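Under the numbering used here, the residues of the sequence shown are numbered 389 to 498, in order.
The structure appears below as structure tokens.
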Amino acid sequence: MDIGGYLVKPTGPFFPGFTISGIVSGLIFGAILYKKEFRTVRILVALLIHTLVVGIIMNTFWLDFMYIKKGFFITLMARLPKELAMIPINYILLSIFLFAISRIKDYAEV
389 MDIGGYLVKP TGPFFPGFTI SGIVSGLIFG AILYKKEFRT VRILVALLIH
439 TLVVGIIMNT FWLDFMYIKK GFFITLMARL PKELAMIPIN YILLSIFLFA
489 ISRIKDYAEV
């Protein structure tokens, strides 16, 4: 649970791990995409770095630490197929969103 969820409906002790993952997500996408042209390679690089660092490493560690407790690599092997399957889905959704944002930005500058 992140800070927002904890403030709205606290259902247990606050755990900052997923908040840190959210901050790192913003930093990754911001560093790679902010004020830059949205190209396929740039979007894929941002998405792959995010998936590796946040989805595969950080969130797997947090989930194992909080709930699963079977060891990081066992949890990683269970989560890896899901993370890999989500890459094309996230790419399509992110591309559509970024295209829409760039169109809005183009109209706002006129």
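Even glycine gets a Cβ: it sits at the ideal position worked out from N, Cα and C.
As the structure is a computational prediction, the values presented were derived from the model and not from experiment.
Among the options, nearest to residue i - alpha-carbon criterion
i, options, result
"Val433", "Ile492, Ile489 and Leu482", "Leu482"
"Phe453", "Phe403, Gly392 and Asp390", "Phe403"
"Phe406", "Gly418, Ala419 and Asp390", "Asp390"
"Val441", "Ile408, Gly400, Val396 and Ile492", "Ile408"
"Gly410", "Gly393, Ala496 and Phe460", "Gly393"
Cutoff 8 Å; reference residue i; Cβ partners in own chain excluding five residues on either side
i, result
"Leu512", "Given that the chain is displayed from residue 389 to residue 498, the structure contains no residue 512 and the question cannot be resolved."
"Ile475", "Leu435, Leu436 and Thr439"
"Ser490", "Phe426"
"Asn478", "Leu435 and Thr439"
Where residue i sits in the DSSP three-state scheme
i, result
"Thr428", "helix"
"Gly400", "coil"
"Gly459", "coil"
"Glu471", "helix"
"Asp390", "coil"
"Lys423", "coil"
Same chain, Cβ closer than 7 Å to residue i, neighbours up to 5 away in sequence not counted
i, result
"Glu471", "Thr439, Gly443 and Ile444"
"Lys424", "Arg430"
Neighbour flag for residue i against chain B, beta carbons, 8 Å
i, result
"Leu421", "Included in the structure is just one protein chain, with no chain B present."
Give a yes or no on contact between the segment 460 to 468 and the segment 440 to 451, applying the rule of three or more CB pairs nearer than 8 Å.
For the pair of segments examined, the segment 460 to 468 was found to touch the segment 440 to 451: the number of CB pairs separated by less than 8 Å reaches three.
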